[in-house]
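Report on the following structure.
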Amino acid sequence: MKKTLLTVFMLAALLPATAQKARPFARPEAIDQVLRHDPARTVPLILAHRGGPQAHETENSLETFRNTFRQVPEAILEMDVRMTADSVLMLLHDDDIARTTTGTGSVQAMPWEELKTVFLRDLKGRPTRQRIPRFEEVLAWGAGRVLMAIDAKPGVDLRKVMNLIAAEGALNSVFIICYSTEDALAIQKRFPTVWVALGFNQADHTETLRKAGLAIRNVIALASRQKKEFYESLHRYGISVTAGTYGPGNLDEQPVEAVAEDYRTVFRTGADILTTDRPVEVRRLFP
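Structure (structure tokens):
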């Protein structure tokens, strides 16, 4: 199953732009096959944190998404959604725009007409000629073609986010990172086939979610690196589990050749999805 899906992704990535009409995620069954725990999986899923930009690239940009997709077509592209003062949905990690753009100010206090004039900065802080993308622009590109992890930041109208995903035909191409069980329940009530992801600090959190009425079959567990028993307890429910390798002191901060076996150990221990800042390099560790 994994090889078949990878072949589809690779063919789509290699075709000329005018011929890229294939949509492997046109139906919910396709995303179910990828995201549900598969004990036969020999390669982890790779979640590209903020799109997985390299040093000369920008976070949360369509250009970076396209480049990561070209090199790792089966990667899940994580993106951060924020809402402007006039309720336009756009991509940026921070509310303060100074770190990642040439502008200053707060996203939630600024109108889109002002935000669309600034340029994005690359990871080294250098200005580029790239603009902040609107969420709908990225959805239109990725719908049906690529898996996207949607992180709607606190304060963003989640109902508006879901309406736009539905309008762009991307419900079968996304999972939604939720900050509360209530948000996950609200999404599942309106869109029963959509996948949601929630933080798991303890494996027995599953029973709490079940008692709250959440459909566990479409849940991903977001976690730090854990012991084997943690993964096994969630796998019994068919739940796939992420392991973050980014952030200070973590594997992504060290030379990849020095920690290559550590990445493999995380996967062998039970993590289904590796969330990383360097998706291209990490994917190469699993031939």
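At the far end of the sequence shown sits residue 312, using this note's numbering, and the numbering has no gaps.
Ideal Cβ positions, reconstructed from N, Cα and C, are used throughout, including at glycine.
Shown here for Gly-169: same chain residues with a beta carbon closer than 8 Å to its own, the five before and five after excluded, namely Arg-48, Pro-49, Phe-50, Ala-51, Gly-194, Ala-195, Asn-197 and Ser-198 in chain order. Ser-112 counts as exposed, since fewer than 16 other beta carbons sit within 10 angstroms of its beta carbon. Note on Ala-246: 16 or more other CB atoms within 10 angstroms of its CB, so buried under the neighbour-count rule. Here the C-alpha atom of Met-135 lies approximately 30 Å from the C-alpha atom of Thr-206. If one requires a minimum length of 4 residues, the alpha helix (DSSP H) runs lying completely within the stretch 171 to 250 are 183 to 192, 206 to 215 and 230 to 237, in chain order. For Gln-227, the number of other beta carbons within 10 angstroms of its own is below 16, and it is reported as exposed. When DSSP states are grouped into helix, strand and coil, Asp-302 belongs to the coil group. In the three-state reduction of the DSSP assignment, Glu-286 falls in the helix class, which pools H, G and I. In terms of Cβ geometry, Lys-178 and Asp-105 form a close pair [threshold 8 Å]. Between the C-alpha atoms of Glu-232 and Val-266 there is a straight-line separation of about 16 Å. By the criterion of a C-beta distance shorter than 8 Å, Gln-133 is surrounded in its chain by Arg-107, Met-108, Thr-109, Ala-110, Asp-120 and Gly-180, once the five residues flanking it on both sides are discounted.
In the three-state scheme derived from DSSP, where H, G and I count as helix and E and B as strand, Phe-144 is classed as strand. Gly-150 sits in coil when the DSSP states are folded into three classes, being neither helix nor strand. Going by beta carbons, Ile-202 and Ile-175 fall inside the 8 Å limit. Excluding five sequence positions before and after Leu-60, the CB atoms of its chain that fall closer than 7 Å to its own CB belong to Phe-200, Trp-220, Ile-245 and Ser-265, given in chain order. A straight line joining the alpha-carbon of Val-171 with that of Leu-148 spans about 24 Å.
DSSP places Val-59 in the uninterrupted alpha helix (DSSP H) bounded by 53 to 60. Between the alpha carbons of Gly-167 and Met-173 lies a distance of about 8 Å. Here DSSP, grouped into helix, strand and coil, assigns Gly-167 to helix. With contacts defined as CB atoms closer than 8 Å, Pro-158 and Leu-116 qualify as a contacting pair.
For Arg-146, same chain residues with a beta-carbon under 8 Å away, outside a window of 5 residues either side, are Thr-83, Arg-124, Thr-125, Thr-126, Thr-127, Pro-152 and Thr-153 in chain order. Closest in alpha carbon position to Gly-150, among Ile-122, Trp-137, Lys-141 and Glu-54, is Ile-122. When the beta-carbon positions are compared, Leu-189 and Glu-161 come within less than 8 Å of each other.
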